[in-house]
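First to last, the protein sequences are chains A and B. To convert, take the position in the first sequence, counting from 1, and add 4; that gives the numbering used here. To convert, take the position in the second sequence, counting from 1, and add 740; that gives the numbering used here. Encoded as C-alpha cells, the structure appears first; notes follow it.
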Amino acid sequence: MTMKASNRQVSGVTVVDLSGRITLGEGSTVLRETVKDLLSKGQRKILLNLADVTYIDSSGIGELVSAFTSVRNQGGDLKLLKLTKKVHDLLQITKLYTVFDVKDDEAGAIQSFK
Amino acid sequence: MTNRVSYALDSTLDSVNHAESKASEAAARAGFSEDEQYNIAMAVREAAINAVLHGNARDPQKKFFVAYETTEDALVITITDQGPGLDPGALPDPLAPENLMKSSGRGIFLIRAFMDEVRFRNVRPGTEITLIKHVGRKAADKEESQ
Numbered sequence: 005m006t007m008k009a010s011n012r013q014v015s016g017v018t019v020v021d022l023s024g025r026i027t028l029g030e031g032s033t034v035l036r037e038t039v040k041d042l043l044s045k046g047q048r049k050i051l052l053n054l055a056d057v058t059y060i061d062s063s064g065i066g067e068l069v070s071a072f073t074s075v076r077n078q079g080g081d082l083k084l085l086k087l088t089k090k091v092h093d094l095l096q097i098t099k100l101y102t103v104f105d106v107k108d109d110e111a112g113a114i115q116s117f118k
Numbered sequence: 741m742t743n744r745v746s747y748a749l750d751s752t753l754d755s756v757n758h759a760e761s762k763a764s765e766a767a768a769r770a771g772f773s774e775d776e777q778y779n780i781a782m783a784v785r786e787a788a789i790n791a792v793l794h795g796n797a798r799d800p801q802k803k804f805f806v807a808y809e810t811t812e813d814a815l816v817i818t819i820t821d822q823g824p825g826l827d828p829g830a831l832p833d834p835l836a837p838e839n840l841m842k843s844s845g846r847g848i849f850l851i852r853a854f855m856d857e858v859r860f861r862n863v864r865p866g867t868e869i870t871l872i873k874h875v876g877r878k879a880a881d882k883e884e885s886q
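In C-alpha cells:
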C-alpha cells in the first residue's frame with residue numbers, strides 16, 4: 005500500500021492526514037514533498053495525523069526527524085497525532101518519543117499550537 | 741526438521757519489498773505471533789535496504805541473496821550482498837544525543853532490537869548478516885541471554 009497525504013486547515017494549523025506506509029521510496033518522498041510544499045507556502049504549524057499509517061521503517065523515521073527539524077528551523081512547529089501502537093513502540097525504541105510532541109486528541113493538539 | 745528457501749534478488753526497492761513479504765510469510769509458517777511476524781519482517785526489510793543501498797549501492801550488476809531457514813526452534817534468515825563489506829563495530833549509536841536527530845543510521849539498531857541474535861560475516865566481497873528468532877522465546881529470555 006502506497007502512502008497518501010491530504011491537508012486541511014483547522015484554526016491556523018495545517019493537519020496532514022497520512023495513510024499507508026512511510027517507507028524508503030515513495031512513502032518517504034510523499035512526506036518530504038508535502039512538508040516542503042507547506043513550508044514554501046508559509047504554513048509552519050503542522051500536525052501530522054498518523055492514525056492511518058500502518059508501517060514506518062527506518063527511512064520513514066528519518067523522514068519524520070528531517071521534517072521536524074526543517075519546520076523548527078523555520079520557526080514553526082510540527083507535532084504528531086494519533087500514533088498506532090506499532091509506530092508508538094518504534095518511537096519509544098529509538099528514543100524519539102520524547103523528542104516529538106505527540107498528541108492523541110486533535111482538538112487538544114490544535115489548541116497546543118497557540 | 742529443517743526447511744530452507746533462498747532467493748537471488750536485484751538491487752532494487754521492489755526486491756526489498758519482496759524480501760520483507762517473504763519474511764512475513766516465513767515467520768507466519770514458523771508459528772510466530774502477528775507482532776513477531778511484523779518485527780521479523782521489519783528486521784529483514786532493514787537488512788535488505790542495507791544490502792541494496794549501502795552494500796550493492798543499487799548497482800544493477802549486483803544481486804543480494806536472502807535465505808529463510810526454519811529449524812525446530814528458530815527462524816534463521818541470512819541476507820548477503822556483494823558490496824565492499826561492513827564493520828558493524830564502526831556504526832554510530834543512533835541513541836547517542838549527538839545522533840538522535842540524524843535522518844539515518846537506525847536500520848541495524850532496529851534489526852538488533854527485533855531479533856534474538858544478529859551476526860555479521862565478511863564474505864569478501866560482501867557482507868552476510870544472519871538474523872535469528874527463536875520460536876516461543878519471550879523477551880525476558882532474550883534479556884537474560886545478553
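Quick reminder that beta carbons are idealized off the backbone N, C-alpha and C, glycines included.
Whole-number beta carbon distance between residue j and residue i, since they are thought to touch under 8 Å
i         : j         : result
Leu52(A)  : Val20(A)  : 5 Å
Ile97(A)  : Ile60(A)  : Not really, about 12 Å apart at Cβ, beyond 8 Å.
Pro800(B) : Pro865(B) : 16 Å between Cβ atoms; not a contact.
Phe805(B) : Ser746(B) : 6 Å
Val34(A)  : Ala9(A)   : 5 Å
Arg48(A)  : Gly79(A)  : 6 Å
Thr742(B) : Thr811(B) : 5 Å
Ala814(B) : Lys762(B) : About 17 Å separates the two Cβ atoms, so there is no contact after all.
Whole-angstrom distance between residue j and residue i, CA atom to CA atom
i         : j         : result
Arg785(B) : Asn779(B) : 10 Å
Ala71(A)  : Asn11(A)  : 15 Å
Ile65(A)  : Ser843(B) : 7 Å
Val756(B) : Ala791(B) : 9 Å
Phe854(B) : Ala783(B) : 6 Å
Ala748(B) : Asp833(B) : 31 Å
Asp81(A)  : Glu760(B) : 34 Å
Lys89(A)  : Arg859(B) : 29 Å
Glu776(B) : Ile869(B) : 19 Å
Asp827(B) : Phe117(A) : 44 Å
Lys45(A)  : Val39(A)  : 10 Å
Arg846(B) : Gly771(B) : 28 Å
Ser62(A)  : Leu28(A)  : 8 Å
Ile848(B) : Val57(A)  : 22 Å
Ala787(B) : Thr6(A)   : 21 Å
Phe104(A) : Arg744(B) : 42 Å
Val14(A)  : Ile789(B) : 38 Å
Ala767(B) : Gln115(A) : 44 Å
For residue i, the three-state DSSP class (helix, strand or coil)
i         : result
Leu82(A)  : strand
Asn862(B) : strand
Leu42(A)  : helix
Gln96(A)  : helix
Ala755(B) : Note that residue 755(B) is Ser in the sequence shown here, rather than Ala. Helix, per DSSP.
Gln822(B) : coil
Val103(A) : coil
Lys118(A) : coil
Lys90(A)  : helix
Gln47(A)  : coil
Thr33(A)  : helix
Asn11(A)  : strand
Thr6(A)   : coil
Ile872(B) : strand
Leu52(A)  : strand
Ala836(B) : coil
Closer than 9 Å at the beta carbon, the chain B residues around residue i
i        : result
Gly66(A) : Lys842, Ser843, Ser844, Gly845, Arg846
Thr33(A) : Within 9 Å Cβ-Cβ: nothing; Thr33(A) doesn't reach chain B, min ~11 Å.
Thr73(A) : Met841, Ser843
Ser15(A) : Result: empty, since nearest Cβ-Cβ is about 29 Å, beyond 9 Å.
Beta-bridge partners of residue i, as assigned by DSSP
i         : result
Ser746(B) : Ala807(B)
Thr27(A)  : According to DSSP, which records beta bridges pairwise, Thr27(A) is partnered with nothing at all.
Val57(A)  : Gly24(A)
Leu850(B) : Paired residues: none, contrary to the question.
Glu857(B) : Ile872(B)
Thr73(A)  : Thr73(A) is not bridged to any residue.
Contact list for residue i against chain B, beta-carbon separation under 8 Å
i        : result
Lys90(A) : Tyr778
Ser70(A) : Ser843
Beta-carbon neighbours of residue i, restricted to chain A and to distances below 8 Å
i         : result
Leu835(B) : Thr98, Lys99
Ala791(B) : Simply none; closest approach about 12 Å.
Ala853(B) : Ile97
Interface residues of chain B facing residue i [CB-CB closer than 7 Å]
i        : result
Asp61(A) : Met782, Arg785, Glu786
Gly29(A) : Leu753
9 Å Cβ cut-off: residues of chain A touching residue i
i         : result
Leu850(B) : Asp61, Ser62, Ile65, Leu94, Ile97, Thr98
If the cut-off is 8 Å on Cβ atoms, which residues from the region 95-115 of chain A count as contacting chain D, listed in chain order? Among the protein chains in the structure shown, which are A and B, there is no chain D.
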